[in-house]
Ligand code: HEM
Ligand code: HEM
């Protein structure tokens with residue numbers, strides 16, 4: 287068993303693109319666009335669709351992971367890093383699940399399903415200040431960012447320092 291299942295490989299790289307799109311559109315566009323802006327509904331729609339596709343792929347990925355054989359955990363020579371390598375994948379699954387769930391919670395709470403997807407014509411609420419799930423969404427987005435930074439650093443460490451060819455597994 288030298289590689290991850292091909293479905294896991296494809297989803298890994300597609301989800302990378304989707305998560306970068308959702309994260310940057312949330313952090314750099316939505317957060318700085320007032321709800322009174324005429325373009326806000328379109329921006330929300332794009333963000334929500336990308337996030338929901340990532341959520342669907344996460345479930346497909348989880349099922350595939352549980353049903354396929356995984357390559358053995360890579361060794362680094364450090365007990366701490368080896369442990370991190372065992373837990374990090376599961377941390378990603380939990381955090382991405384939480385970010386999609388809190389995003390959906392925000393959308394339901396603020397009535398966005400009708401406004402954004404069903405074209406109800408109703409205006410957006412003046413702001414999302416009193417939408418509790420959004421606080422969780424923002425917090426989890428920050429955790430996800432830190433996880434990705436750590437993950438990329440670990441991947442580069444394996445590839446260029448340990449030179450153990452880890453990229454070829456994914
Ligand atoms: C990979 C999944 C996702 C990521 C990485 C992500 C990331 C973000 C980020 C970084 C923000 C800005 C938070 C801030 O104000 O500081 C945000 C806002 C938001 N997200 Fe997501 N999100 C995801 C999925 C979703 C989903 C599935 C939904 C709903 C179906 C959603 C709905 C929202 C809403 C309504 C806002 C608030 C926009 C505003 O403040 O104007 N997100 N998201
Ligand atoms: C949003 C960004 C990313 C997420 C959420 C993510 C998530 C994951 C997860 C969960 C795994 C474990 C396999 C599994 O359980 O499916 C994994 C493996 C891997 N990722 Fe990422 N990843 C991201 C970005 C990246 C980037 C940018 C790189 C390259 C620089 C990378 C390189 C790798 C490699 C080489 C593996 C295989 C590790 C091994 O063989 O054990 N990932 N990733």
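Residue numbers (our numbering): 287 to 456. Built from N, CA and C at the ideal position, the CB exists for glycine as well.
- Decide yes or no for the touch test of the stretch 380 to 394 against the stretch 335 to 345: beta carbon pairs closer than 8 angstroms, at least 3 of them. With a cut-off of 8 angstroms on Cβ pairs, the stretch 380 to 394 is in contact with the stretch 335 to 345, counting three or more such pairs.
- From what residue to what residue does the alpha helix (DSSP H) around residue 399 run? From DSSP, residue 399 is part of no alpha helix (DSSP H); its letter is neither H nor E.
- Under a Cβ-count criterion, where at least 16 other Cβ atoms within 10 Å of its own Cβ denotes burial, should residue 305 be classed as buried or exposed? Flag for residue 305 reads buried.
- Item | Short Cβ contact (8 angstroms threshold) for residue 360 with residue 450 | With contacts defined by Cβ atoms closer than 8 angstroms, residue 360 and residue 450 form a contacting pair.
- Query: What is the rounded straight-line gap between the Cα of residue 366 and the Cα of residue 328?
  - Reply: Straight-line Cα distance between these residues: approximately 45 angstroms.
- The alpha helix (DSSP H) spanning residue 388 covers which residue range? Run containing residue 388: 365 to 395, per the alpha helix (DSSP H) assignment.
- Query: Do you know how far the Cα of residue 332 is from the Cα of residue 311?
  - Reply: Across the structure, residue 311 and residue 332 are spaced so that their CA atoms are roughly 9 angstroms apart.
- Query: For residue 437, which of 313, 425, 291, 452 has the nearest alpha-carbon?
  - Reply: Taking the Cα of residue 437 as reference, the smallest distance to any Cα among 313, 425, 291, 452 is reached at 452.
- Message: With a threshold of 8 angstroms, are at least 3 pairs of Cβ atoms found where one atom belongs to the stretch 401 to 421 and the other to the stretch 341 to 356?
- Response: Counting Cβ pairs under 8 angstroms, fewer than three are found: no touch.
- Item | Distance cut-off 7 angstroms: residue 433 Cβ against heavy atoms of ligand 1 | The answer is no for residue 433.
- Query: Taking Cβ positions, are residue 381 and residue 426 nearer each other than 8 angstroms?
  - Reply: A contact, by the Cβ cut-off of 8 angstroms.
- Message: Taking 7 angstroms as the limit between beta carbons, can you name the residues of its chain near residue 321, skipping five residues before and five after?
- Response: Excluding residues up to 5 positions away in sequence, 410, 411, 412, 413 lie with their Cβ nearer than 7 angstroms to the Cβ of residue 321 in the same chain.
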